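These notes concern the structure reproduced below.
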Amino acid sequence: MIYRIEETTSTNDDARDAKYRHGDIVWAERQTAGRGQRGHTWTSAEGENLTFSVVLCPRFLPVGEQFLLSEAVALALTDTFAQAGIETRIKWTNDIYAGDRKLVGILIEHSYSGPTLDRTVVGIGINVNQTQFDPALPNPVSMAAAAGRRFDRREVLETFRERLEARYAQLEEGAAEALQRDYRERMYGLGRRRTFRLPDGTPFGAVIEGVRPSGELLLRHDDGLLREYLFKEVEFVINS
Numbered sequence: 002m003i004y005r006i007e008e009t010t011s012t013n014d015d016a017r018d019a020k021y022r023h024g025d026i027v028w029a030e031r032q033t034a035g036r037g038q039r040g041h042t043w044t045s046a047e048g049e050n051l052t053f054s055v056v057l058c059p060r061f062l063p064v065g066e067q068f069l070l071s072e073a074v075a076l077a078l079t080d081t082f083a084q085a086g087i088e089t090r091i092k093w094t095n096d097i098y099a100g101d102r103k104l105v106g107i108l109i110e111h112s113y114s115g116p117t118l119d120r121t122v123v124g125i126g127i128n129v130n131q132t133q134f135d136p137a138l139p140n141p142v143s144m145a146a147a148a149g150r151r152f153d154r155r156e157v158l159e160t161f162r163e164r165l166e167a168r169y170a171q172l173e174e175g176a177a178e179a180l181q182r183d184y185r186e187r188m189y190g191l192g193r194r195r196t197f198r199l200p201d202g203t204p205f206g207a208v209i210e211g212v213r214p215s216g217e218l219l220l221r222h223d224d225g226l227l228r229e230y231l232f233k234e235v236e237f238v239i240n241s
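Numbering (the numbering used here), first residue to last: 2 to 241.
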């Protein structure tokens, strides 16, 4: 069920409430403290975009395989945009890009029950109809800007919910290899030499070769060695 509210601090915070069950979506027009990855904030023009959180209860999924859930969510988003005629790619770990510009930000927060996941809240911000952005943002884009037309936000949300149900069913049925294959094929920059940055600010060039089932990014360095990186161990350098 979709619950639409006018204002909240963060839909991820709201979605932790036990009254929301598996598959429920909390959609807010305004977030006063929206969060993004790496401690960033998420801002959105009121009435133009989608800011929402999805509640999932993947109790069948071992903690060590939680990246598969991230893959399912990211693929559901790219499926949604494909249906709207917009080609997108997944920038590891789970931002969605149209060309070299960011269309979606995702923040996934898990709770655990022993060796498996218990409850997951997936916070998603989609730039839908906004065309003017804060100049401080490095590389934003919207569906409207990418497609040259406006979209009905609820229709976009309903489409995403349908596509997520399909990808989640794959995950629940054990189709991990199919999810991993599709994720790799839709990776932003796959097979291309890109610039990356280490936590200390040191830049380096490497070719993206894929991602491990556990989520590590695989980079082929200029010296020929293949190295793997966890989230926060490396960052893309995106030219705006």
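Backbone N, C-alpha and C fix where the C-beta goes; we use that ideal spot for every residue, glycine too. The model shown is predicted, which means the values in this text are computed figures rather than measured ones.
D223 has its alpha-carbon roughly 32 Å from the corresponding atom of L70. The region 189 to 219 is shown to contain whole beta strand (DSSP E) runs of 3 or more residues at 194 to 198 and 204 to 212, in chain order. DSSP places A177 inside the alpha helix (DSSP H), whose first and last residues are A177 to E186. Distances from the CA of A147 to each of F232, G225, S11 and T89 were compared; the closest alpha carbon is that of T89. Fewer than three Cβ pairs drawn from the region 130 to 141 and the region 53 to 67 lie within less than 8 Å of each other, which leaves the two stretches out of contact. About 18 Å separates the beta carbon of Y184 from that of V208, a gap too long to meet the 8 Å contact definition.
When the five nearest sequence neighbours on each side are left out, the beta carbons in the same chain lying within less than 8 Å of the beta carbon of T132 are those of S143, A145 and A146, in order along the chain.
Per DSSP, the beta bridge partners of Y113 are L118. With 16 or more other Cβ atoms from the protein chains shown falling within 10 Å of its own Cβ, Q32 counts as buried.
With contacts defined by Cβ atoms closer than 8 Å, A73 and L220 do not form a contacting pair. Just so you know, the alpha carbons of V123 and A46 end up roughly 20 Å apart. DSSP places A16 in the coil class of the three-state scheme, outside both helix and strand. In the DSSP assignment, L231 falls outside any beta strand (DSSP E) and carries neither an H nor an E. By the CB criterion at 8 Å, I87 and A75 fall outside the cutoff.
Residue range F68 to Q84 is occupied by the alpha helix (DSSP H) that includes D80.
Of all alpha-carbon atoms in F82, P63, S11 and D96, the one lying nearest the alpha-carbon of S54 is that of S11.
R90 carries a strand assignment under DSSP once its states are collapsed to helix, strand and coil. Residue pairing by DSSP puts E236 in a beta bridge opposite R198.
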